[in-house]
Structures are given as structure tokens and as C-alpha cells.
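The working numbering applies: residue 28 is where the sequence shown begins, and numbers increase by one.
The beta carbon of each residue, even a glycine, is placed where N, CA and C say it ideally should be.
Here the structure is a predicted model, which means the values were calculated and not measured.
Take a look at the structure set out below.
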Amino acid sequence: MTSPSSAGDTVFDISNKETVNKFACVSCGADLTYKPGTRHLVCSYCNAENDIPDIGEPVNENDFYAFIDNESATSLRMTISTVNCKSCGADTTIEPNIRSQNCPYCMNPLVVENTITDSVIQPKGILPFKLNKEEARNKFKSWVKGLWFAPNDLKKATLDPNRFNGMYIPYWTFDSLTTSRYMGQRGEHYYVNESYTVVENGKSTVKTRSVQRTRWFTVSGNVSHPFDDVLVVASHSLPLNYVEKLEPWDLGNITRFDERFLGGFITEKYKVELKEGFDTAKTKMDTYIRTLVRRDIGGDEQRIISLQTDHSNITFKHILLPIYLSAFRFKGKVYNFLVNGRTGEVQGERPYSAWKIALLVIAVLAVLGVVIYFASKK
């Protein structure tokens with residue numbers, strides 16, 4: 028947890044769309060791209076490496092309520108240029124020299140001329156890519172090879188580098204000191220002997236058995252917990268369950284935002300606004316708070332009747348995390364595959380090949396038929 032920044036703590040300010048994701052080599056002036064796993068930009072023409080200096084400053088956080096009270100504060104905002112996909116609704120930034128590109132989420136063509144500008148909250152931190160594109164593709168190819176009944180076209184698609192894009196996905200992180208008041212019941216088990224009748228050898232016999240019962244006691248109390256960096260995905264463009272399965276992220280390696288880390292990569296604008304993001308964070312916090320309450324209640328069983336939580340010292344950061352994304356269209360449906368740009372963890376909803384499954388069923392039935400045939404001859 029770091030201290031909240033003041034309203035004047037500006038990381039960067041992009042007001043000209045011509046500077047977004049485009050950086051010039053100090054040696055020859057050609058375009059630079061970020062080299063994953065380093066603090067260097069590499070020239071696509073002369074292969075020179077241009078350093079991204081590490082100024083060693085911490086990634087400061089913003090006071091949540093102070094920002095809400097003054098959302099128009101320009102010192103915490105930036106202007107970006109994005110293209111909206113008319114098919115899936117995703118907003119992504121693209122390099123200004125690009126004249127045609129497919130949406131990385133659904134692979135439909137983007138109308139690059141329909142670029143719009145918007146004022147958004149600046150990212151405070153970034154977790155740069157650690158795996159390069161080829162390393163991530165190899166992780167993806169290995170994952171696809173392990174899928175049973177995957178369509179052949181999916182395996183072929185892993186060979187196409189144009190179907191594989193590095194992207195920075197927007198996230199919110201929230202810190203909060205919580206104090207929760209609860210009322211509930213503590214259940215303590217005890218055992219009693221109970222008689223029951225069974226019939227054995229035609230005769231009724233009375234037996235006894237030990238039966239568990241529970242005594243309930245009314246309880247109340249308070250629990251406090253400081254939450255640090257509760258992570259909330261700020262994108263609606265990707266399936267949330269698969270995005271969250273890319274965790275854990277090594278958030279301890281987040282560096283202060285520098286736009287040069289974006290060189291050569293796509294960046295998505297957040298769709299989850301700050302207030303909505305904190306509501307999601309509170310839901311996540313509540314799940315853990317209930318665990319703390321049950322521990323505090325003790326006993327063998329617990330019931331939570333009421334729970335009220337107060338939040339204080341709330342701070343937030345807008346950060347960017349790296350993923351590689353591949354989209355595959357199969358029988359009219361788009362399947363997204365995600366690779367954690369730091370760890371190589373692969374997640375996604377996989378398609379099934381109906382004919383491969385049918386062939387397996389036919390083969391199993393054929394083998395079963397042969398077994399039955401020879402068994403009947405004996």
C-alpha cells in the first residue's frame with residue numbers, strides 16, 4: 028500500500044493522438060516497440076535499443092472520495108484516441124500509422140477512420156510484458172495441443188501470428204480499511220443416544236445410536252481488516268471468468284506508468300467506471316469479511332444474521348496488465364483465448380469438433396460390436 032497522491036501528481040498527459048503508442052528511435056527516427064522482459068524499446072529498422080529510464084518513484088494511489096468530489100480534475104486525466112468495434116463494442120487504441128486492423132476481440136474489421144477522443148483517468152501503474160509474442164504463442168500452441176476434440180482449424184489458427192495480439196487490459200485496484208459489525212449465531216455440537224427399531228431375522232430389535240444435535244447461541248461482534256490492492260477488471264470485452272483465472276499477477280513488480288511500455292501494443296480503454304469498480308471490489312471484500320466473521324463467531328457452525336461494513340481510507344489506482352489475445356470464429360461464435368503476458372497462464376473457452384466426437388463414438392460402438400459378436404460365438 029502506498030500513500031495517496033495529491034491532485035497535482037501527474038504521471039503523463041497525452042493530448043495529441045499522434046503520440047499514442049508511437050515512439051521514434053533516437054538513432055534513426057524509425058518506430059520503436061517495447062521489448063518484453065526489459066526496460067528497452069527496440070528499433071524496427073536499425074535494431075538499436077532505446078532505454079526506458081527507471082526513475083525509482085513509487086506507484087502512488089489516489090484518494091477515492093477526493094477524486095469522486097472532483098472528477099473533472101485534469102491533473103488526473105488524459106485524452107486518448109480510440110476505435111470502437113461495432114460488432115463487440117470494445118474500445119481499443121491503435122497506432123496512428125495503422126490504416127486497417129481487425130478487432131483483437133472478435134476479429135471483425137475496424138473502421139479506423141471512426142476514431143474518437145475521450146477523457147479518461149490516467150493509469151498510475153503498469154505491469155510490462157515479460158513474455159514476448161513467440162514465447163506466448165508457444166504456450167498457447169501447447170495448450171491447444173492438449174485439447175481433446177478441438178477443430179483442426181483452431182490448431183491451424185495458432186500458426187497465424189496475425190491472430191495473436193499483445194494487449195494491455197485496464198484494471199482498478201482498491202485499498203480500504205474495513206470495520207464490520209455483525210449479529211449471528213454460534214452452533215455447538217453435542218450428541219445424544221437415540222433408540223430405534225430394526226427387523227433382524229424376522230424379529231424386531233431395539234438398538235441405540237449416537238445422534239448429533241446443535242445448540243445455538245446468539246452472538247455479536249466486530250471485525251476489522253485492511254484490504255490492499257483488491258483487483259477489479261475494468262473491461263467488458265473479455266469473458267470475466269477466464270480473465271480472473273489468469274491470476275495471480277505479480278503486482279509487486281508494477282512500475283510507475285510510462286507510455287513507452289505501450290510501444291507496439293494495443294491498449295483498451297476501461298469500460299467499468301470508477302464507482303462501479305469499487306462496488307465490485309466491495310463485493311469481493313465482503314466475501315472475505317464473511318470468512319473473518321465466521322472465524323470470530325467460532326463454534327462448530329455459524330450463522331450470519333446481519334452484517335454492516337464501514338469503509339475508510341479508500342484509495343485506488345488505475346493500472347494496465349499485459350495479456351496476449353487470440354480470437355477464433357467457429358460456426359458463427361467467437362472464442363477468446365487469453366495468455367498472461369507475465370506467467371504464460373492460458374485460459375479460454377474452447378470449441379469442440381462435432382465430427383471428431385462422432386468418429387470416436389462410431390469407433391467405440393464398432394469395438395463394442397466386435398466384442399459382443401465374439402462373445403456371442405463362445
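Beta-carbon contacts of residue i that lie in its chain and below 8 Å, excluding the five residues immediately before and after
i, result
"residue 343", "88, 89, 91, 94, 199, 200, 201, 202, 301, 304, 305"
"residue 219", "237, 238, 240"
Distance CB(residue i)-CB(residue j) smaller than 8 Å
i, j, result
"residue 350", "residue 367", "yes"
"residue 155", "residue 297", "no"
"residue 284", "residue 151", "yes"
"residue 345", "residue 299", "no"
"residue 149", "residue 194", "no"
"residue 64", "residue 160", "no"
"residue 54", "residue 190", "no"
"residue 68", "residue 326", "no"
"residue 293", "residue 129", "no"
"residue 77", "residue 59", "yes"
"residue 229", "residue 328", "no"
Expected contact under 8 Å - CB spacing of residue i and residue j to nearest Å
i, j, result
"residue 210", "residue 332", "5 Å"
"residue 369", "residue 277", "6 Å"
"residue 376", "residue 117", "That pair is no contact at about 17 Å."
"residue 281", "residue 86", "5 Å"
"residue 308", "residue 260", "The pair is not a contact, with the Cβ atoms about 11 Å apart (cut-off 8 Å)."
"residue 372", "residue 265", "Contact flag wrong, Cβ pair sits at about 14 Å."
"residue 347", "residue 153", "5 Å"
Distance between residue j and residue i (C-alpha atoms, nearest Å)
i, j, result
"residue 208", "residue 319", "11 Å"
"residue 245", "residue 205", "23 Å"
"residue 339", "residue 252", "11 Å"
"residue 115", "residue 162", "28 Å"
"residue 172", "residue 275", "24 Å"
"residue 223", "residue 243", "26 Å"
"residue 269", "residue 374", "6 Å"
"residue 51", "residue 80", "16 Å"
"residue 313", "residue 267", "19 Å"
"residue 166", "residue 392", "35 Å"
"residue 47", "residue 97", "Any answer about residue 47 is weak, because its pLDDT of 37 lies below 50 and its placement is not dependable; what the coordinates show is given next. Cα-Cα distance, rounded: 26 Å."
"residue 111", "residue 341", "32 Å"
"residue 271", "residue 217", "42 Å"
"residue 225", "residue 232", "5 Å"
"residue 250", "residue 146", "39 Å"
"residue 337", "residue 311", "15 Å"
"residue 168", "residue 358", "21 Å"
"residue 402", "residue 389", "20 Å"
"residue 399", "residue 365", "46 Å"
"residue 279", "residue 360", "37 Å"
"residue 395", "residue 227", "44 Å"
Contact set for residue i: own chain, Cβ-Cβ below 7 Å, skip 5 residues either direction
i, result
"residue 221", "235, 236, 238"
"residue 103", "34, 89, 94, 148, 149"
"residue 248", "209, 323"
"residue 71", "57, 58, 60"
"residue 40", "Reliability of the predicted coordinates at residue 40 is poor, the pLDDT of 29 falling under 50, and the value obtained from them is presented with this limitation in mind. Closer than 7 Å at the Cβ level, and outside the excluded window around residue 40, lie 105."
"residue 32", "Bear in mind that the predicted position of residue 32 carries a pLDDT of just 41, short of 50, making it too unreliable to give a figure here."
"residue 66", "78, 79, 81"
Cut-off 6 Å between Cβ atoms - residues of its own chain near residue i, not counting five sequence neighbours on either side
i, result
"residue 330", "211, 212"
"residue 84", "283"
"residue 404", "none"
"residue 335", "208"
"residue 170", "373"
"residue 321", "329"
"residue 62", "69"
"residue 164", "191"
"residue 113", "none"
Of all the beta strand (DSSP E) runs that stay within the bounds of the stretch 228–295, which reach a length of 3 or more residues? Fully enclosed beta strand (DSSP E) runs of 3 or longer: 230–260, 293–295.
- request: Enumerate, from N- to C-terminal direction, the unbroken beta strand (DSSP E) stretches of 3 or more residues contained entirely within the stretch 286–373.
  value: Counting only runs of 3 or more, we get 293–295, 328–357, 360–367.
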